[in-house]
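First to last, the protein sequences are chains A and B. Take the first sequence: its letter number 171 is residue 171 in our numbering, and every next letter is one higher. With positions in the second sequence counted from 1, the corresponding number in our numbering is that position plus 1000. Remarks on the structure that follows.
Number of protein chains: 2
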Amino acid sequence: MPEKDPTTPRERYRTQVRAEVKEHAWEQIAESGASALSLNAIAKRMGMSGPALYRYFAGRDELITELIHDAYRSLADALGAASASGADVPGLAHALRGWALEDPHRYFLVYGTPVPGYHAPDEITAIASEMMALLLDAYAALVPDGAATPFGTHLEEHRGWADGHAAPPAALHRALSFWTRLHGVLSLELAGHFTGMGFDPALLFAAELDDLLERGGRSTT
Amino acid sequence: MPEKDPTTPRERYRTQVRAEVKEHAWEQIAESGASALSLNAIAKRMGMSGPALYRYFAGRDELITELIHDAYRSLADALGAASASGADVPGLAHALRGWALEDPHRYFLVYGTPVPGYHAPDEITAIASEMMALLLDAYAALVPDGAATPFGTHLEEHRGWADGHAAPPAALHRALSFWTRLHGVLSLELAGHFTGMGFDPALLFAAELDDLLERGGRSTT
DNA sequence: AGGTTTCGTTAGAAGCTATCACGGCGCCTG
DNA sequence: CAGGCGCCGTGATAGCTTCTAACGAAACCT
Chain A
1 MPEKDPTTPR ERYRTQVRAE VKEHAWEQIA ESGASALSLN AIAKRMGMSG PALYRYFAGR
61 DELITELIHD AYRSLADALG AASASGADVP GLAHALRGWA LEDPHRYFLV YGTPVPGYHA
121 PDEITAIASE MMALLLDAYA ALVPDGAATP FGTHLEEHRG WADGHAAPPA ALHRALSFWT
181 RLHGVLSLEL AGHFTGMGFD PALLFAAELD DLLERGGRST T
Chain B
1001 MPEKDPTTPR ERYRTQVRAE VKEHAWEQIA ESGASALSLN AIAKRMGMSG PALYRYFAGR
1061 DELITELIHD AYRSLADALG AASASGADVP GLAHALRGWA LEDPHRYFLV YGTPVPGYHA
1121 PDEITAIASE MMALLLDAYA ALVPDGAATP FGTHLEEHRG WADGHAAPPA ALHRALSFWT
1181 RLHGVLSLEL AGHFTGMGFD PALLFAAELD DLLERGGRST T
């Protein structure tokens, strides 16, 4: 017999339905993208009629916001798992690319074209800085101390986003480059801008990663 | 008195209306993004009723496709103008950033989240390779011959996208890095992922550009 | 067992894309 | 210059969407 559960049956049912809605939402996004996500279609696929879903989500916007949150959480978990099993900088890069290729639409939910009115809630910026902390950890273990670049000194005066992390400015700079460069390659690859060009995007990604390492990680001699 | 014009009055009227529709579309995109673009709203703003626009555009998709085309054209022209007035690699980078900041939504129309079913027509890939040619020109004038990177040799076997350009493989590699890295910074900046972090995105862009140059352009001693 | 809360329904308003049939104006030609 | 062909804009209509409102029924808690 089940242990005493502080959650009422109604609550459990509610969260279960919400999860099922999200599941259908992800399927629909995977086939047609987030812009084509339809509450009506989800409801019909679940065997109930349109407005029923408004008992569970305030509207389309709230559902999408929650999907974005879950996507962020999923990415942070993927990077966290890699980091926990001892991944270094290239390990994190590999985890990032794996996560991106696993579901391109999910990647674009996080890093794609922003919705005009949307402003990220604190919960999401917290996840973002959680990922940044992972990256800074990996770079702090790698960077010697770093010749101060002009941008590095600028960062030293604006390191609030590092959230008290003790990484040297050179590591901050490297982490930012890691982020922007790999996003650059991944974004263009997933958006299909490389299709028809013939070369292997994986090799371009690897080349960018090599460049990132050659430049920032010469301390582990 | 006007010179003899091979275009009939009807044709002129037609192209004029089409241009006006696009103008309103750009305004609407600038305030609410491309996903919120509404033929109906445009028609009303122009003082005519909904279905009238279907005389000028087959549908919403055709209008958006044409806006994307115009955006590509605009970017290629911006880069072309810079190139024509003697801009080198950093000059092209500056032109790119200027164009991007001028209208972020237009940037995302080109490089943002792709629409699921959409496949770029030949006309657009032609513009893309036109821009790539500009970039390759600038790099060919800069790169010595380049120590062959592994990815460089891979590119040598898959250089179809360079469209017969005589640039050495190192230049191809550098041009690709230019593209992906600057897109990485710009994309994250325009999407607002740097807001609240405190540092100046322009300096990060400049730092990435410096890195791009330091590595690829040491021939101009 | 009764009362309250929550669920799912149908109905409806407002918006959108897109198609159709119709009337009228404008352009080109005879 | 007048006739006729063709294009333009309209209203009506179908079908889709989000989202609100009111109602009945079911399930939960006391």
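Backbone N, C-alpha and C define an ideal beta-carbon position, used for all residues, glycine too. Quick caveat, the model's predicted, so the values are computed rather than measured.
Enumerate in chain order the residues of its own chain whose CB-to-CB distance from A/Leu39 is below 6 Å, with the five nearest sequence positions on each side excluded.
Taking the first sequence and counting its residues from 1, the one referred to as residue 39 of chain A is at position 39. These residues qualify, in order along the chain: Leu53, Arg60.
Could you tell me whether the segment 1159-1179 of chain B touches the segment 1115-1135 of chain B, using the rule of 3 or more Cβ pairs below 8 Å?
yes
When Cβ atoms are compared, which residues of the segment 1019-1051 of chain B fall closer than 9 Å to chain A?
Glu1031, Ser1032, Gly1033, Ala1034, Ser1035, Ala1036
Apart from the five residues just before and just after B/Phe1057, which ones in its own chain have a Cβ nearer than 6 Å to its Cβ?
Residue mapping note: residue 1057 of chain B aligns to position 57 of the second sequence, counting from 1. Correct list, in chain order: Leu1063.
Keeping to the same chain, check which residues put their C-beta closer than 6 Å to that of B/Arg1106; ignore five residues upstream and five downstream.
Here the question's residue 1106 of chain B lines up with position 106 in the second sequence. Excluding sequence neighbours, B/Arg1106 sits near Ala1071.
Looking at the C-beta of A/Val17, does it have a partner C-beta in chain B at a distance below 8 Å?
To locate residue 17 of chain A, count along the first sequence from 1; it is residue 17. Judged by the 8 Å Cβ criterion, A/Val17 is not in contact with chain B.
Would you give the residue range spanned by the alpha helix (DSSP H) that A/Tyr72 belongs to?
Taking the first residue of the first sequence as position 1, residue 72 of chain A is located at position 72. Its alpha helix (DSSP H) spans residues 60-84.
In whole angstroms, give me the CA-to-CA distance for A/Gly98 and B/Val1021.
Reading the first sequence from its first residue, position 98 is the one you call residue 98 of chain A. Reading the second sequence from its first residue, position 21 is the one you call residue 1021 of chain B. Approximately 43 Å between the Cα atoms of the pair.
Out of B/Leu1188, B/Ala1148, B/His1193, which one is the CA nearest neighbour of B/Leu1172?
For the purposes of this step, residue 1172 of chain B is taken as the residue at position 172 of the second sequence. Checked all of B/Leu1188, B/Ala1148, B/His1193; the closest Cα to B/Leu1172 is B/Ala1148.
Along the alpha helix (DSSP H) that carries B/Pro1090, what are the first and last residues, could you check?
Along the second sequence, read from residue 1 onward, the residue named residue 1090 of chain B stands at position 90. It spans 1089-1102 - the alpha helix (DSSP H) in which B/Pro1090 sits, taken as one unbroken run.
Check whether the segment 1011-1021 of chain B and the segment 1084-1102 of chain B touch, using three or more Cβ-Cβ pairs below 8 Å as the test.
no
Along the alpha helix (DSSP H) that carries A/Tyr13, what are the first and last residues, could you check?
Sequence index remark: in the first sequence, residue 13 of chain A carries index 13 (1-based). A/Tyr13 -> alpha helix (DSSP H) spans 9-32.
Given that A/Ala84 touches chain B, what residues does it touch there, using C-beta distances under 7 Å?
The sequence position of residue 84 of chain A within the first sequence is 84, counting from 1. Within chain B, no residue comes near A/Ala84; the closest Cβ sits about 25 Å away, beyond 7 Å.
Give a yes or no on whether the C-beta atoms belonging to A/Ile124 and A/His69 are separated by under 8 Å.
As a position in the first sequence, residue 124 of chain A is number 124, starting the count at 1. As a position in the first sequence, residue 69 of chain A is number 69, starting the count at 1. With contacts defined as CB atoms closer than 8 Å, A/Ile124 and A/His69 qualify as a contacting pair.
Could you tell me whether the segment 1103-1123 of chain B touches the segment 1193-1208 of chain B, using the rule of 3 or more Cβ pairs below 8 Å?
no
Mind listing the chain B neighbours of A/Asp61? Cutoff is C-beta to C-beta under 8 Å, in chain order.
Sequence index remark: in the first sequence, residue 61 of chain A carries index 61 (1-based). Under the 8 Å cutoff, chain B gives no residues; its nearest Cβ is about 13 Å from A/Asp61.
What is the DSSP secondary structure of A/Ala52, reduced to helix, strand or coil?
Residue mapping note: residue 52 of chain A aligns to position 52 of the first sequence, counting from 1. Correct three-state label for A/Ala52: helix.
Using CA coordinates, which residue listed in B/Leu1067, B/Val1017, B/Ser1035 is at the minimum distance from B/Arg1045?
The count along the second sequence starts at 1 and reaches residue 1045 of chain B at position 45. With distances taken between Cα atoms, B/Arg1045 lies closest to B/Val1017.
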